[in-house]
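Okay, structure first, notes after.
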Amino acid sequence: MQTTLRNTFSTVFLRSALIASVCLAAAIGAQAQTAPPQPVTWELQVVRDGQQIDSFSATTNVGQARTDTHHDKVQNRVGCADQPAGNIDLQRTLTVSPTHASADDITLAIDAQETLQEESTRVSPSGCKLPPVPRQVSASHPGLVLKPGEWAQWQIVDSNPSLAYRVRASLGSSPAAQ
């Protein structure tokens, strides 16, 4: 009888604990659903060989991502007659996602795909100019931690050409723009 009473008491206690934890989880989930997402305003400058060549900016909520593509179509002079030709689309695609935001620090996940043009001039065996060969560069930073409002630099390519991203972010005050 005592064993049966103990088992019954244990079962009731475990069921009560389970019900309490389910209710607590539901309350926390409801609170998380009603809390507005934290917007982050960010800016990213693309710096090639020390000169800013492009920039991206947006306001994006924590947990969301923003992807933008910029194109820079260049025309090179090629051939023995040095004629305009050899068009290259220097495409740059960035995806920025705030993963954490507080008054102390902001963390951004950044994925980048770049098409770069080599600066060196190539020539054929007969001495005629050849178009530059485009170079694909991919980079990913899973968690660039920034102090709100302060610039940080992320070096993508060290040389030929040098390529870096200057990034800053702050807590946004308006709903995220997607």
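Using mature numbering (1 follows the signal peptide of the UniProt record, and there is no 0), the letters of the sequence shown correspond one by one to residues -32 to -1, 1 to 146.
Think of the CB as a built atom: it goes at the ideal place given N, C-alpha and C, for glycine as much as any other residue.
Query raised in the report: Using the C-alpha atoms, what's the distance from D50 back to T35?
Result: Their Cα atoms are separated by approximately 38 Å.
Report task. Please indicate yes or no: does the CB of Q43 lie closer than 7 Å to some heavy atom of the ligand MN? Result -> You won't find the ligand MN in this model; it holds no ligand whatsoever.
Query raised in the report: Does the Cβ-Cβ distance between T28 and D57 come in under 8 Å?
Result: Contact flag unset, no.
Query raised in the report: Quick one: Cα of L62 to Cα of H39, how far?
Result: Rounded to the nearest angstrom, the gap between the Cα atoms of L62 and H39 is 12 Å.
Report task. Count the other C-beta atoms from every protein chain shown that fall within 10 angstroms of the C-beta of A71, then say buried if there are 16 or more, exposed otherwise. Result -> Within 10 angstroms of the beta-carbon of A71 lie fewer than 16 other beta-carbons, which makes it exposed.
Query - I55 versus T89: straight-line alpha-carbon distance, rounded - result: The displayed chain sequence assigns Asn, not Ile, to residue 55. Note on geometry: alpha-carbon atoms of N55 and T89 lie some 15 Å from one another.
Report task. Could you pull out every residue in the same chain whose Cβ sits closer than 8 Å to the Cβ of V135, ignoring the five residues on either side in sequence? Result -> The beta carbon of V135 is closer than 8 Å to those of W10, E11, L12, Q13, L76, I78, L112, L114, W119, A120, Q121 and W122 in its chain, skipping five residues each way along the sequence.
Query - Residues sharing a beta bridge with Q104, DSSP - result: Secondary-structure assignment with DSSP links Q104 through a beta bridge to T83.
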